[in-house]
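J.:
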Amino acid sequence: DGGITQSPKYLFRKEGQNVTLSCEQNLNHDAMYWYRQDPGQGLRLIYYSQIVNDFQKGDIAEGYSVSREKKESFPLTVTSAQKNPTAFYLCASIGSSYNEQFFGPGTRLTVL
Amino acid sequence: RKEVEQDPGPFNVPEGATVAFNCTYSNSASQSFFWYRQDCRKEPKLLMSVYSSGNEDGRFTAQLNRASQYISLLIRDSKLSDSATYLCVVSLYSSASKIIFGSGTRLSIRP
Numbered sequence: 001d002g003g004i005t006q007s008p009k010y011l012f013r014k015e016g017q018n019v020t021l022s023c024e025q026n027l028n029h030d031a032m033y034w035y036r037q038d039p040g041q042g043l044r045l046i047y048y049s050q051i052v053n054d055f056q057k058g059d060i061a062e063g064y065s066v067s068r069e070k071k072e073s074f075p076l077t078v079t080s081a082q083k084n085p086t087a088f089y090l091c092a093s094i095g096s097s098y099n100e101q102f103f104g105p106g107t108r109l110t111v112l
Numbered sequence: 113r114k115e116v117e118q119d120p121g122p123f124n125v126p127e128g129a130t131v132a133f134n135c136t137y138s139n140s141a142s143q144s145f146f147w148y149r150q151d152c153r154k155e156p157k158l159l160m161s162v163y164s165s166g167n168e169d170g171r172f173t174a175q176l177n178r179a180s181q182y183i184s185l186l187i188r189d190s191k192l193s194d195s196a197t198y199l200c201v202v203s204l205y206s207s208a209s210k211i212i213f214g215s216g217t218r219l220s221i222r223p
């Protein structure tokens, strides 16, 4: 089955620690995205990548970093510089027609 | 002004009712429009694309009004399972970055 996987589903970290969220897709999509969603809010774009070895900042990139070494993978690191990291993180990808975005199941990060 | 605006709701309607909500967008160059459904604590999933001519999928009808820059979603004969948050999404073909999500409209169907 084609799709997007994110792991882990729930993640707890102590304040001040960096943490990396995994996102893998086997849809052969070029473009991948990371969004953050806070309770009762819409999705806000953190980073996106249109092609391997290239990525761009979204609206709220401060305190986050990404890499895109392989087409299938787009991991997100939440650094200690992110002031309020507790949120629901969603990874998505889109095909060349830039139509439907496919989402992974999300990772719920809680920083204690 | 937000790029994509939705009434957050909640809309609380009885089962079997018809409910409609709109979404306005600010960029007149927007090319693609979508409605996504998001269940509580889950990822968004595509409900339907919105075409210039309007489109219908069973009980769901989506319309686009380019002159007034809004899209609408109509749900007929609502079911309990329709309870969810409905996200309006607007994008430009030319840029992978310009995919804008509305904050969502919460819909609750009561028995």
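Here the protein sequences line up with chains A and B, keeping their order.
If you read the first sequence in my numbering, its first letter stands for residue 1, the second for the next number, and so on.
If you read the second sequence in my numbering, its first letter stands for residue 113, the second for the next number, and so on.
Glycine residues also receive a C-beta, built at the ideal position from the N, C-alpha and C atoms.
1) At what residues does the beta strand (DSSP E) containing Lys70 (chain A) begin and finish?
2) Would you list the residues sitting across from Phe172 (chain B) in a DSSP beta bridge?
3) To the nearest whole angstrom, what separates the beta carbons of Gln56 (chain A) and Tyr47 (chain A), a pair I think is in contact under 8 Å?
4) Does the Cβ of Gly106 (chain A) have 16 or more other Cβ atoms within 10 Å, making it buried, or fewer, making it exposed?
5) At the 7 Å Cβ level, is Gln25 (chain A) part of the contact set with chain B, yes or no?
6) Between the alpha carbons of Lys210 (chain B) and Leu204 (chain B), how many angstroms are there, rounded?
7) For chain B, check one thing: does any of its Cβ atoms lie closer than 7 Å to the Cβ of Phe103 (chain A)?
8) Exposed or buried, what is Ile212 (chain B) when buried is set at 16 or more other beta-carbons lying within 10 Å of its beta-carbon?
9) As a quick exercise: from A:Gly95, A:Asn84, A:Ser22 and A:Gln17, pick the residue whose alpha carbon is nearest that of Phe74 (chain A).
10) Looking at the structure shown, is Asp194 (chain B) part of a helix, part of a strand, or coil, going by DSSP?
11) Would you say Gly214 (chain B) faces chain A, with C-beta separation under 7 Å as the test?
12) Looking at the unbroken beta strand (DSSP E) that takes in Arg153 (chain B), where does it start and where does it end?
13) Skipping 5 residues on each side, what residues in its chain have a beta carbon closer than 7 Å to that of Leu158 (chain B)?
14) For chain A, is any of its Cβ atoms less than 7 Å away from the one on Glu155 (chain B)?
15) Between the beta-carbon of Thr197 (chain B) and the beta-carbon of Phe133 (chain B), is there less than 7 Å?
16) Name the DSSP beta bridge partners of Phe102 (chain A), please?
17) Going by other Cβ atoms of all chains shown within 10 Å of its Cβ, with 16 needed for buried, is Pro8 (chain A) buried or exposed?
18) Are the Cβ atoms of Leu176 (chain B) and Ile183 (chain B) separated by less than 7 Å?
19) Residues of chain B with CB closer than 9 Å to the CB of Leu76 (chain A), please, in chain order.
20) If you measure from the beta carbon of Leu159 (chain B) to each beta carbon in chain A, is any gap under 7 Å?
21) Could you tell me whether any Cβ in chain B is nearer than 7 Å to the Cβ of Glu72 (chain A)?
T.: Judging by the given coordinates:
1) No beta strand (DSSP E) contains Lys70 (chain A), which DSSP labels as neither H nor E.
2) Answer is B:Asp169 and B:Ile187.
3) Contact between Gln56 (chain A) and Tyr47 (chain A) holds: CB atoms are separated by about 7 Å, below the 8 Å threshold.
4) By the neighbour-count criterion, in which 16 or more other beta carbons inside 10 Å mark a residue as buried, Gly106 (chain A) falls on the buried side.
5) Taking Cβ atoms only, chain B never reaches closer than 7 Å to Gln25 (chain A), which makes this a no.
6) The straight-line gap from Cα to Cα measures roughly 6 Å.
7) For Phe103 (chain A), a Cβ of chain B is located within less than 7 Å of the residue's own Cβ.
8) Result: buried.
9) Considering only A:Gly95, A:Asn84, A:Ser22 and A:Gln17, the residue with the shortest C-alpha distance to Phe74 (chain A) is A:Ser22.
10) Three-state result, Asp194 (chain B): helix.
11) Closer than 7 Å to some Cβ of chain A, the Cβ of Gly214 (chain B) qualifies, so yes.
12) No beta strand (DSSP E) holds Arg153 (chain B); DSSP gives it neither H nor E.
13) Shown here for Leu158 (chain B): same chain residues with a beta carbon closer than 7 Å to its own, the five before and five after excluded, namely Phe146 and Tyr148 in chain order.
14) By this cut-off, Glu155 (chain B) is an interface position.
15) Against a cut-off of 7 Å, the Cβ pair of Phe133 (chain B) and Thr197 (chain B) comes out as no contact.
16) Phe102 (chain A) is bridged by DSSP to A:Ser93.
17) Residue burial is scored here from C-beta neighbours: Pro8 (chain A) has fewer than 16 other C-beta atoms within 10 angstroms and is therefore classed as exposed.
18) In contact: Leu176 (chain B) and Ile183 (chain B) (Cβ atoms closer than 7 Å).
19) Within 9 Å Cβ-Cβ: nothing; Leu76 (chain A) doesn't reach chain B, min ~15 Å.
20) So no, Leu159 (chain B) is outside the interface.
21) Judged by the 7 Å Cβ criterion, Glu72 (chain A) is not in contact with chain B.
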